[in-house]
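Student:
So this is what it looks like as structure tokens:
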């Protein structure tokens with residue numbers, strides 16, 4: 001299936017994300033997806049073949065949207081500058097803008113993370129096509145900082161993973177915490193990245 005979706009396919013994908021999120025992949029039916037999309041069930045089959053085909057379509061969209069996203073380049077820039085050179089506020093705003101654009105895809109991402117537990121092909125694609133390229137992109141600036149003595153000599157992949165996992169947690173938390181809706185996003189992100197770069201100990205020592 002082509003990565004470019006037509007209008008009908010987009011409607012089916014959007015409807016499927018909602019139905020799968022409510023009932024899970026196994027509990028959902030193509031008739032429910034068709035009804036939500038406002039199309040005939042035969043149209044769903046014509047475009048995606050099977051219910052599994054719809055899930056693969058959702059996965060393909062996620063891969064197209066998030067493979068080496070701009071936010072990874074922004075994070076790499078912050079790591080290289082250690083968050084205190086050039087114009088850190090410009091970088092913070094850049095990441096804030098990228099996170100805002102990613103938030104619209106949260107339902108899709110949460111669905112895929114959940115279904116990855118049960119579908120090996122989803123799990124493999126999420127890792128190889130989305131997570132792995134970003135970790136690869138972050139590894140080099142982290143290693144450069146380790147050589148310069150700015151970062152502890154820990155596993156660079158795990159350090160990159162910890163940053164990605166924390167950012168994902170931050171996005172989900174922002175969605176859940178209604179009391180943070182009007183919080184200063186740039187200030188929060190500045191503190192968030194400072195915690196990752198410097199740790200939480202008041203007088204941290206290198207180990």
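In UniProt numbering, the protein residues as written are 1 to 207. Backbone N, C-alpha and C fix where the C-beta goes; we use that ideal spot for every residue, glycine too.
Which of helix, strand or coil does DSSP assign to residue 172?
Tutor: Correct three-state label for residue 172: helix.
Student: Leaving aside the five residues before and after residue 31 along the sequence, list all residues of the same chain whose C-beta is less than 8 Å from its C-beta, in chain order.
Tutor: These residues qualify, in order along the chain: 41.
Student: Please list, in chain order, all residues of the same chain as residue 170 whose beta carbon is under 7 Å from its beta carbon, the five residues on each side excluded.
Tutor: Here the set comprises 192.
Student: From 12, 36, 138, pick the residue whose C-alpha is nearest to that of residue 48; which is it?
Tutor: Checked all of 12, 36, 138; the closest Cα to residue 48 is 12.
Student: Do the region 51 to 59 and the region 92 to 102 touch if we need at least three Cβ pairs shorter than 8 Å?
Tutor: In short, these stretches do not touch, since the Cβ pair count stays below three.
Student: Using a Cβ distance threshold of 8 Å, determine whether the region 110 to 118 contacts the region 135 to 147, with at least three qualifying pairs required.
Tutor: Touching, no.
Student: Take residue 176 as the anchor and find which of 103, 150, 38, 123 has the nearest alpha-carbon.
Tutor: Of the listed residues, the one whose Cα sits closest to residue 176 is 103.
Student: Take the Cβ of residue 145 as the centre, count every other Cβ of all protein chains shown within 10 Å, and call the residue buried at 16 or more, exposed below.
Tutor: Burial call: buried.
Student: If you draw a straight line from the alpha carbon of residue 157 to that of residue 132, how long is it in whole angstroms?
Tutor: Those two C-alpha atoms are separated by around 9 Å.
Student: Can the beta-carbon of residue 63 be found less than 7 Å from the beta-carbon of residue 18?
Tutor: In this structure, residue 18 does not lie closer than 7 Å to residue 63 by Cβ.
Student: Let's test the definition: count the other Cβ atoms within 10 Å of the Cβ of residue 122 and tell me whether it reaches 16, buried, or not, exposed.
Tutor: Result: buried.
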